[in-house]
Each structure stands twice: as structure tokens, then as C-alpha cells.
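Residue numbers (my numbering): 385 to 743.
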Ligand code: ADP
Ligand code: GN1
Ligand code: MG
């Protein structure tokens, strides 16, 4: 056991007896646990999370963002049935704070468990793509009037692709783990695409409150109806471009393969998934998107997939210190799927743009 997650639960305003607590989910960054409590004879689950403070350097600021965002979402959905199923709800500590700091300096938070819904690591149908995009679009819409001040940047320059590219160049040059050789083809692919990195930043696009990590397994789909019921993983909610969010939806919701699939023949952008994604997103986002934003919707998929690809490649070259890995070469495998997908989206970009124009 890496952390005393059982010892953490009593610090939150959760009543009854702790029955069990086990690691949960497949995120790359935080440590997530499901804690089960007996409350008067009923088993109630909660989510406990240790924030990765090596990656998120200012957890109190991050939690201030999450508190503000979840409060705003809660207010905007007041009166909606099953609100705590549709919006993440933080459980305060016994002192009324949004996080608990343990003796080792770890930061913890607790959430109401969203029951009768689940996340998927790979998309299974166009309906799922539609629902995920609709939920993320609604999320952006509900946060459009978040009162000032500006949210904290929980990771500065998170989607600054040219800076991500510069970090890759540094890792290639250092080659600290002698891994440039096995990654030769991927490094070449990355270098060949350097010119696309600045395209969105060079275009004047509005800054909005965005999620910034809209991968498919960060939205919970209702088990019974399939509805995109709740957007989760709010650590990176901060000022950004909506295209970062839509790009990451294309990246994770149009290919049938998992992010770490080794059989690259399975990796491809499926047009019907893109169409469903676009239609789902526009049901909620069309009322605020500008013409310039619409113009880059398809391209955002190429850019964000490339950006995450170079981040995996950088981490592989630098010795796997950022993303959790579960096997040797895991980050290189992930990079390969991303680059294969960049090619596949690129081949269909013109048709994707045409579709955007017709909707
Ligand atoms: P990470 O930043 O590591 O990706 P997430 O916040 O996405 O962490 O949580 C990891 C997984 O835990 C999610 O993919 C989801 O399956 C599950 N999860 C997170 N929050 C909840 C919640 N409130 N209710 C139910 N499941 C959740
Ligand atoms: C990480 O936390 P998780 O697993 O949802 C990462 C994202 C990447 C994603 C790639 C804070 O997301 O930026 O796109 O992995 N989150 C952070 O799967 O770096
Ligand atoms: Mg996640």
C-alpha cells in the first residue's frame, strides 16, 4: 500500500463505518480510491483522491478552482432532479475545508460517488460519442458565466503546444536514458510536424473556462440511458480555448482502440464517430462558438492528438516520470497510437471541415 488511504477517510464529513477502500479507475495522474461505508445498514461508496502534487504544484489553488467550479455548476443546476448525480460534489473535511493534508504532506479530497454510471477507456458507439461531446459542451456552457476572478492556471502553459515541442527537443538532445534509438521513427514524425504547433496560438481565439482534459474516460455515462451524465476530473479546469477540449474529444472518442493499443492497425479516426461527436457538441456549444472557433474544430483533433503524442514521447525519453506506466515502453506505445491517429485525422480533415460547414 503506497498511501494510508484508509486513514484519510475519517477526516471527511462521511458518517458510518468504513468497510473497505480500494484503488479505483485508470487515470494517469492522481491516485483514486473507492471507499465503502456502512451507513445504517446501507453500503455507500465515496471517491477519495490523492492529488499528484509533483504535477499540480499548488493543490490549495487547484482545490479553490474546483470548489468554485463545482459550486457554480451546483447553483446553475439548482432544482434539476438528481443534481448530485450530474455535478461533482466535494465532501468537506471535518473542519469544513475542501481538502485534507496528511502527515506525509499529501493532499486528499473526497467526492460523492456517481452511481449507476461509468467511464469507458475506449468508445463503443456513435451514441456514446454524441453523449460525451454534449456533456462537455454543456459543461463549457454552464461555466461561461463563472464569476470573476480568473481561475488559477493549475499547470501553466498546459496546452501551449510550441512549449511542449521545445520540451521534446530538449529530451531528444539529452537522451538521458538512451531511448532515442528505439524512438527514432516517432522522433522523426514529431520533427516533421513542428510547423503545426503554433497554429491555434497564432489565431486570435477567445479565452474561455475550459476543461482541458476531455478524454472519453473523464465523462460518466448513465448505465440505463447512456446519457453523458457527469463531467469529472476537474484538476485542469482553467482558462483555455474550447478547441483544446474539442480536440481531445476527437483524440479519445473517434478511434475504437485504447490509447495504449499495440496493434496500430486498429487505430483510426472513424468518420461516423466524428459526426456524432460534432453533432453532440453543437447541441450545447453552437450558441457560443464563434466562426473562427468552428473553422478549427477538425484541425484541433490533429493538434491535440499530436500534442499528447509528443508529451508521451517526451516522457518516454526522459525516463517515464510524468504519466503512470504499467509496462516497459508504455509511453512509446501510447505515442505511437497518437501519431497514427494524427495521420488518420489528417487524411480526413477536408471531409471533416466540409461536415462542419454543413451543420
Ligand atoms: P485521474 O486524474 O487520475 O484521471 P479521475 O478524476 O479521472 O482521475 O478519476 C479516475 C477514475 O475514477 C475515473 O475515470 C472514474 O472512473 C472514477 N471516478 C472519479 N470520480 C468519480 C466519482 N465522483 N464517482 C464515480 N467514479 C468516479
Ligand atoms: C492525463 O488524468 P488523466 O489520466 O485524465 C493528462 C492529460 C492527458 C492524458 C492522456 C494533468 O489525463 O493531459 O491528455 O493523461 N493529465 C494531466 O491520456 O497531465
Ligand atoms: Mg481522468
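All C-beta atoms, glycine included, are put in the ideal place defined by N, C-alpha and C.
> Hey, does residue 732 have any beta-carbon neighbour from chain B nearer than 8 Å?
Replying inline: Protein chain content of the structure displayed is limited to a single chain, and chain B is not contained in it.
> So, helix, strand or coil for residue 402, using DSSP?
Replying inline: strand
> By Cβ distance below 8 Å, which residues in the same chain neighbour residue 461 in space, the five residues on each side in sequence not counted?
Replying inline: 467, 470, 471 and 526
> Once you ignore the five residues that flank residue 521 on each side, which residues in its own chain have a CB closer than 8 Å to its CB?
Replying inline: 664, 665, 666, 667, 668 and 669
>> So for residue 697, helix, strand or coil by DSSP?
In response: helix
>> Is any non-hydrogen atom of the ligand GN1 found closer than 7 Å to the C-beta of residue 583, if you look at the structure I gave you?
In response: no
> If you measure from the CB of residue 612, is any heavy atom of the ligand MG nearer than 7 Å?
Replying inline: no
> Can you pull the DSSP bridge partners for residue 430?
Replying inline: 419 and 496
> Say the cut is 7 Å; is the CB of residue 617 nearer than that to a heavy atom of the ligand MG?
Replying inline: yes
> In three-state DSSP terms, what is residue 706?
Replying inline: coil
> When we look at the beta-carbon of residue 603 and count the other beta-carbons within 10 Å, is it buried (16 or more) or exposed?
Replying inline: buried
> Should residue 449 be listed as close to the ligand NAP, given that the test is whether its C-beta is under 7 Å from any heavy atom?
Replying inline: Inclusion of the ligand NAP in the displayed structure is not the case, the ligand content consisting of the ligand ADP, the ligand GN1 and the ligand MG alone.
>> Shorter than 7 Å, the distance from the beta carbon of residue 439 to the closest heavy atom of the ligand GN1, or not?
In response: yes
>> Let me check understanding here. Comparing Cα to Cα, which of 406, 594, 619 and 612 lies closest to residue 626?
In response: 594
> If residue 549 sits next to residue 723, beta carbons under 8 Å apart, how far is it from one beta carbon to the other, in whole angstroms?
Replying inline: The pair is not a contact, with the Cβ atoms about 14 Å apart (cut-off 8 Å).
>> DSSP three-state label for residue 615, please.
In response: strand
> Which class does residue 604 belong to by DSSP, given the choice of helix, strand or coil?
Replying inline: strand
> Got a sec: does the ligand ADP put a non-hydrogen atom nearer than 7 Å to the Cβ of residue 664?
Replying inline: no
> Taking the alpha-carbon positions, what's the residue 504 to residue 400 distance?
Replying inline: 31 Å
>> Going by beta-carbon coordinates alone, are residue 395 and residue 478 separated by less than 8 Å?
In response: yes
> For residue 719, which residues from the same chain have a beta carbon less than 8 Å from its beta carbon, with the 5 sequence-adjacent residues on both sides left out?
Replying inline: 567, 570, 693, 694, 696, 697 and 700
> Do you know how far the Cα of residue 647 is from the Cα of residue 734?
Replying inline: 26 Å
> Which one or two residues does DSSP pair with residue 624 in a beta bridge?
Replying inline: 592
> Per DSSP, what kind of secondary structure is residue 501 in: helix, strand or coil?
Replying inline: strand
>> I'd like the span of the alpha helix (DSSP H) that includes residue 441, first residue to last.
In response: Taken as a continuous stretch (DSSP letters only), residue 441 belongs to no alpha helix (DSSP H), as it is neither H nor E.
> In the structure shown, what three-state DSSP assignment does residue 435 receive?
Replying inline: strand
> According to DSSP, what are the bridge partners of residue 407?
Replying inline: 417
>> Is it buried or exposed, residue 652, if we count other Cβ atoms within 10 angstroms and call 16 or more buried?
In response: buried
>> Please state the DSSP three-state secondary structure of residue 485.
In response: strand
> To which residues of the same chain is residue 450 closer than 6 Å at the C-beta, ignoring the five residues directly before and after it?
Replying inline: 618
>> Suppose contacts are defined by Cβ-Cβ distances below 8 Å. Is residue 429 in contact with residue 483 by that definition?
In response: no
>> One question on the structure: do residue 739 and residue 677 come within less than 8 Å of each other, judged by their Cβ atoms?
In response: no
>> Could you check whether the stretch 435-443 touches the stretch 621-637, counting it as contact only if at least three pairs of C-beta atoms, one from each stretch, sit closer than 8 Å?
In response: no
> When the Cβ atoms of the stretch 535-542 are set against those of the stretch 500-518, are three or more pairs found closer than 8 Å?
Replying inline: no
>> With distance defined between alpha-carbon atoms, name the residue in 529, 485, 454 and 418 nearest to residue 444.
In response: 485
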